[in-house]
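The sequence shown runs 1395 to 1617 under the numbering used here.
Inspection log for the structure reproduced underneath, given as structure tokens.
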Amino acid sequence: MTDSPEPAKPAARGRTRRFLTRLFSLPRWWPLPVLALTGAAGGAAYGLLVTPEYAATSYVVAVPAKDGEPVAALGFAQAYGRVATSDSTIAYARVAVGIPARALRAQVRTETSPDSPMIAITGTSSRPAEAADIANAVAEAVFVSSNQVAKSTGVQLVSFSQAIPPGRPSSPSARIATAVGGCAGGLLGGLVLLVRPRRRPRPAAASVPAPAGAGDSAERERV
């Protein structure tokens, strides 16, 4: 004969009912500290486990020729900022830093401004010296390719500032990550409190008056 699983169902239902009873008996604001602590723990784990990332930036400036217009230099600065991550530029720079082209492209970003002919080329790496080498190598590649056509464009690039190895990582530290995670968890807990339905007070049990006939009969017996 096989044992019937029927007796286990009432026990499981009882455990579920007790769990729900304990859950709803907690204070209404319990999600706020729980989610804040959870977010802080997640942020601390991220700050401690993730490898720090360093960023170094090299700057180049587009300069017009003697008879050129500054507006032309501004336009070419925008174009050269986009060329900095092209295949030809990455292929030239990867030889200097010894990094595969696909990895190098992921470790480079450029920034330009519509009001300035300056190009910021930033290299990122887990090692400070390598981050500076990446930024300088890509800036050199853009510098060489642009100045080869400077006579026809009337604009040339000039090195404004070379990248140096940074002293601190650009990624958030464990303390900052913990604070950010705690704030995010607290914000989420506050939102949970806002959307969580409020408990309605139980109505008091109404007293039922005794029937009129029962009171009359009792009074008659006393008489």
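Even glycine gets a Cβ: it sits at the ideal position worked out from N, Cα and C.
All of these numbers come straight from a predicted model, not from anything done at the bench.
Query, Result
"CB of Ala1456 within 8 Å of CB of Pro1511, strictly", "yes"
"Residue burial classification, Ala1485 (beta-carbon count within 10 angstroms, cutoff 16)", "exposed"
"Test item: CB-CB of Glu1447 and Thr1506 under 8 Å", "no"
"Ser1564 - partner residues in DSSP beta bridges", "Paired residues: none, contrary to the question."
"Coarse secondary structure for Ser1480, derived from DSSP in three states", "coil"
"Classification of Asp1527 by the beta-carbon crowding that lies within 10 angstroms, buried from 16 upward", "buried"
"Close-in-space but distant-in-sequence residues of the same chain around Arg1503 (CB under 6 Å, 5 per side omitted)", "Thr1516"
"Residue environment, Ser1555, which counts as buried when at least 16 other CB atoms sit within 10 Å", "exposed"
"Beta carbon of Ala1438 nearer than 8 Å to that of Thr1572", "yes"
"Contact check, Pro1559 vs Ala1531, beta carbons under 8 Å", "no"
"Beta-bridge partners of Glu1505, as assigned by DSSP", "Ala1514"
"CB of Leu1551 within 8 Å of CB of Ser1540, strictly", "yes"
"Segment limits, alpha helix (DSSP H) that includes Ala1523", "1522–1541"
"Three-state secondary structure assigned by DSSP to Ala1495", "helix"
"Inter-residue CB distance, Gly1529 and Ala1557 (contact presumed, cutoff 8 Å)", "Residue identity check: residue 1529 is Ala in the sequence provided, not Gly. Indeed, because the Cβ distance is near 4 Å, the residues count as touching under 8 Å."
"Local Cβ density within 10 Å of Gln1542, reported as buried at 16 or more and exposed below that", "exposed"
"Limits of the unbroken alpha helix (DSSP H) element including Thr1547", "1544–1547"
"Spatial neighbours of Ser1520 in its chain, beta-carbon cut-off 8 Å, leaving aside the 5 residues before and after", "Thr1445, Pro1446, Glu1447, Tyr1448"
"Buried or exposed (CB count within 10 angstroms, at least 16 for buried), Leu1468", "buried"
"Same chain only: Cβ atoms within 8 Å of Ala1585, ignoring 5 sequence neighbours per side", "In the sequence as displayed, the identity of residue 1585 is Leu instead of Ala. Taken in chain order, the list of residues that qualify is empty."
"Residue range of the beta strand (DSSP E) that includes Ala1557", "Taken as a continuous stretch (DSSP letters only), Ala1557 belongs to no beta strand (DSSP E), as it is neither H nor E."
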